[in-house]
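Residue numbers in the sequence shown follow this note's numbering, run continuously in steps of one, and reach 172 at the last position. Yeah, the Cβ is synthetic: ideal placement off N, Cα and C, and Gly gets one too. These figures come from a predicted structure and were not determined experimentally.
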Amino acid sequence: AAVNPHTNRSAEEFLRTTDVVYEECANGLATLDRIIVSVNSSLADHTRSYLVPLVYAYWERFFKMTFAEFLRCVTLRGVTAMQLNNNLGQFLLKVKINDALKNSRIGRIQELAGKQIIEEAKQHYDSMHSWFSAPLQLLSPANLVETESNVKYEVLDSNCKNFGIDIQGIKA
């Protein structure tokens, strides 16, 4: 089987860009550590407790940016929705449908027939149909990453499942 050159470029791009985010977060955490070490010992416990939210903020930033970069690099490959792994395809289809409903100001797809003239309804369906075969475009990949403002293992696992990343394979 031939190797897709876009796959290697996307993987290299992902590693390059996530290295920058990793370095930024690692440097930020190192700075927080230096602050704690440099504070008078009588204030160290208070300082630690005040800085805990910053530690979580760095973790959340790394988490969100790494997943967003993964999605951005998937789009760099120029693949269609039909070429995605099933989990990622289903997740992005849900996002596409929810966005279409929100843009039409309706709650359920059945309401499309009652709210608009038939030509507008056809445009929505044509847009959905073309989405399956057009190269994937994600305008704001970071908005697709859920952190619940407190990145727990369950949140990491949920994002991995949505994006079709085998977390057990990574652990091995």
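| Asked | Found |
| --- | --- |
| Hey, quick one: how far does the alpha helix (DSSP H) through A57 stretch, first residue to last? | A44 to L76 |
| Taking the alpha-carbon positions, what's the D19 to E120 distance? | 45 Å |
| Return the first residue and the last residue of the alpha helix (DSSP H) that N103 is part of. | N86 to S104 |
| Taking 8 Å as the cut-off, decide whether the C-beta atoms of I35 and T17 are in contact. | no |
| Spell out the partners DSSP gives P135 in its beta bridges. | T80 |
| My output table needs one value for G107: the three-state DSSP class, helix, strand or coil. | coil |
| Could you check how far apart the C-beta atoms of T147 and K64 are, in whole angstroms? I think they sit under 8 Å. | 6 Å |
| Between R108 and Y125, what straight-line distance do the alpha-carbon atoms span, to the nearest angstrom? | 14 Å |
| Just to confirm, are T75 and L136 a CB contact at a threshold of 8 Å? | yes |
| Please work out which residues of its chain come closer than 6 Å, Cβ to Cβ, to E69, disregarding the five sequence neighbours upstream and downstream, and give them in chain order. | F14, T17 and T18 |
| Secondary structure at E146, three-state DSSP: helix, strand or coil? | coil |
| Run through DSSP, which three-state label would N40 get? | coil |
| Count the other C-beta atoms from every protein chain shown that fall within 10 angstroms of the C-beta of V145, then say buried if there are 16 or more, exposed otherwise. | buried |
| Helix or strand or just coil, what does DSSP make of N4? | Legend: pLDDT at N4 = 45, less than 50; position of this residue unreliable, value from coordinates given subsequently. Note: N4 maps to coil in three-state DSSP. |
| Under a Cβ-count criterion, where at least 16 other Cβ atoms within 10 Å of its own Cβ denotes burial, should L92 be classed as buried or exposed? | buried |
| If I measure Cβ to Cβ from A113 and keep anything under 8 Å in the same chain, skipping five residues before and after, which residues do I get? | A121 |
| Do you know whose CA, among N86, M128 and S38, lies nearest I97's CA? | M128 |
| Residue range of the alpha helix (DSSP H) that S158 falls in? | Y153 to F163 |
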